[in-house]
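Structure record follows, encoded as structure tokens.
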Amino acid sequence: MHLLIILVALGVAWSLRYLPVLEGNWQQRFERVLFLFLFPPTLLLMTAIAVLCMGPQGQMVGLRVGWLSYMLASLCLVIAAILCIKLGWQGWQSTRRARECPKIDLEGKDVRILDTDALFAAQIGFWQPELVVTQGLLQISSAHLHSVLTHEQAHYHYRDTFWFFWLSWIRDCTAWLPNTDALWQELLVLRELRADHWAAQQVDPLLLAESLLMVVGHHVLESDVFCAALASSQVGDRLEQRIDALLSYSEEIAKPNLQSWSWFVCAFLPLLTVVLHS
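Numbering (the working numbering), first residue to last: 1178 to 1455.
What follows is the structure, given as structure tokens:
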């Protein structure tokens, strides 16, 4: 019976990943992509926890349960824990390297300086990331430098490095699900669009667009998990999308659709099956 529950959860998770991402502004797309990215793995995680709680012995609605589903659920949770520890270690290493760089005060902020002529700035770390800029970036005009730092402040405001650590863990755990990488790339672009929009409320959007064009191609650090930079290594053909969004900048954004997130409660339904176990 437990195996049947696992198969049903797998079928639902697999099917949801084929739903299309509807068009709209960055906030509407963010909500849709987050739901498609998070709901399937959360459903599978809750199913594994439910099976683990019920154990390998007993009955469920009159049908006996066995060790196969219990061992399968346990194995999945162990692998997820290992991947989380591995990712956490990589993040700690990135943060440690960032903190080895010399620190200066720049526009009232503590900034780590990386000794390279490339144009690069990024928040690196977890909840309290380090702002790292390169020597080359300090040579650009003060107006462009201010726009870059404002964009990075947006990443700090949204705690992007912290939340994308956990999203990256989910990506690693469910890389076998369809469209995982496509949704991840979309999340990275939407993260930058959100930061662009926040920064454009503080600085001239055209100036920010010019700064984006200046730093494109200067990828000093390749990780987009612990490193939130103005020009992500995943910019690619999405650069035009970000530039267009800045040139057509509007302060008005749609209100969050809380009704769409109410469906997320369904991901926890497998936990209710525990009461059917005896």
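Beta carbons: idealized from backbone N, C-alpha and C, even for Gly.
Computed from a predicted structure; not experimentally measured.
Backbone secondary structure at Leu1199 - three-state DSSP | Counted from its first residue, the sequence shown places residue 1199 at position 22. In the three-state reduction of the DSSP assignment, Leu1199 falls in the coil class, being assigned neither a helical nor a strand state.
Based on the DSSP output, what are the partners of Asp1349 in its beta bridges?
-> Here residue 1349 refers to the residue found at position 172 of the sequence shown. Per DSSP, none; premise fails for Asp1349.
Do the CB positions of Leu1211 and Ala1190 come within less than 7 angstroms of each other?
-> As a position in the sequence shown, residue 1211 is number 34, starting the count at 1. As a position in the sequence shown, residue 1190 is number 13, starting the count at 1. For Leu1211 and Ala1190, no; Cβs fall outside 7 angstroms.
Output yes or no for whether 7 angstroms exceeds the beta carbon distance between Leu1264 and Trp1353.
-> On the sequence shown, position 87 is the one that residue 1264 refers to. On the sequence shown, position 176 is the one that residue 1353 refers to. Not a contact, by the Cβ cut-off of 7 angstroms.
Confirm, please, whether the CB-CB distance from Leu1196 to Leu1215 is below 7 angstroms.
-> Translated into the one-based positions of the sequence shown, residue 1215 becomes position 38. Translated into the one-based positions of the sequence shown, residue 1196 becomes position 19. Taking 7 angstroms as the Cβ cut-off, Leu1215 and Leu1196 do not qualify as a contacting pair.
To the nearest angstrom, report how far apart Cys1350 and Trp1203 are at their CA atoms.
-> Translated into positions along the sequence shown, residue 1350 becomes position 173. Translated into positions along the sequence shown, residue 1203 becomes position 26. Computed Cα separation, rounded: 26 angstroms.
Using the C-alpha atoms, what's the distance from Ile1420 back to Trp1361?
-> If you number the sequence shown from 1, residue 1361 lands on position 184. If you number the sequence shown from 1, residue 1420 lands on position 243. If you take the alpha carbons of Trp1361 and Ile1420, they lie about 21 angstroms apart.
Look at the alpha carbon of Ala1250 and the alpha carbon of Ser1324, and state the distance between them as a whole number of angstroms.
-> What you label residue 1250 is simply residue 73 of the sequence shown in a count that begins at 1. What you label residue 1324 is simply residue 147 of the sequence shown in a count that begins at 1. Going from the Cα of Ala1250 to the Cα of Ser1324 covers about 48 angstroms.
Taking three-plus beta-carbon pairs below 8 angstroms as touching, is the region 1366-1381 in contact with the region 1304-1317?
-> no
Relative to the C-alpha of Asp1337, which residue among Gln1312, Thr1311, Ala1372 and Ser1319 is closest?
-> Start at 1 with the first residue of the sequence shown, and residue 1337 comes out as number 160. When only C-alpha atoms are compared, the closest one is Ala1372.
Which parts of the region 1314-1398 are runs of the alpha helix (DSSP H), unbroken and 4 residues or longer, counting only runs that do not cross its ends?
-> As far as the region 1314-1398 is concerned, its whole alpha helix (DSSP H) runs of at least 4 residues are 1319-1335, 1337-1350, 1357-1377 and 1382-1392.
Please decide whether Val1442 counts as near chain D, where near means a Cβ-Cβ distance under 7 angstroms.
-> Of the protein chains in the structure, only one exists, and it is not chain D.
Assigned secondary structure, Ala1295 (DSSP; H/G/I helix, E/B strand, else coil) = Counting from one through the sequence shown, the residue named residue 1295 turns up at place 118. Reduced to three states, the DSSP call for Ala1295 is coil.
To which residues of the same chain is Thr1357 closer than 7 angstroms at the C-beta, ignoring the five residues directly before and after it?
-> Reading the sequence shown from its first residue, position 180 is the one you call residue 1357. Taken in chain order, the residues that qualify are Arg1348 and Thr1351.
Leaving out five residues on either side along the sequence, give the residues of the same chain with a beta carbon under 7 angstroms from the beta carbon of Ala1377.
-> Residue numbering aside, residue 1377 sits at position 200 when the sequence shown is read from its first letter. So the qualifying residues of the chain are Leu1385, Leu1423 and Tyr1426.
Which first and last residues belong to the alpha helix (DSSP H) in which Leu1423 is found?
-> For the purposes of this step, residue 1423 is taken as the residue at position 246 of the sequence shown. Looking at the DSSP string, the run of the alpha helix (DSSP H) that includes Leu1423 is Leu1416 to Leu1424.
Please classify Arg1273: is it buried, with 16 or more other beta-carbons within 10 angstroms of its beta-carbon, or exposed?
-> By 1-based counting over the sequence shown, the position of residue 1273 is 96. Result: exposed.
Using a Cβ-Cβ cut-off of 6 angstroms (strictly less than) and excluding sequence neighbours within five positions of Ala1275, which residues of its own chain qualify?
-> Numbered from its first residue, the sequence shown carries residue 1275 at position 98. Closer than 6 angstroms at Cβ, skipping near neighbours: Arg1289, Ile1301, Glu1307 and Val1309.
Cβ pair Pro1355, Arg1194 closer than 7 angstroms | Within the sequence shown, residue 1355 is the residue found at index 178, counting from 1. Within the sequence shown, residue 1194 is the residue found at index 17, counting from 1. Yes, these two residues count as a Cβ contact at 7 angstroms.
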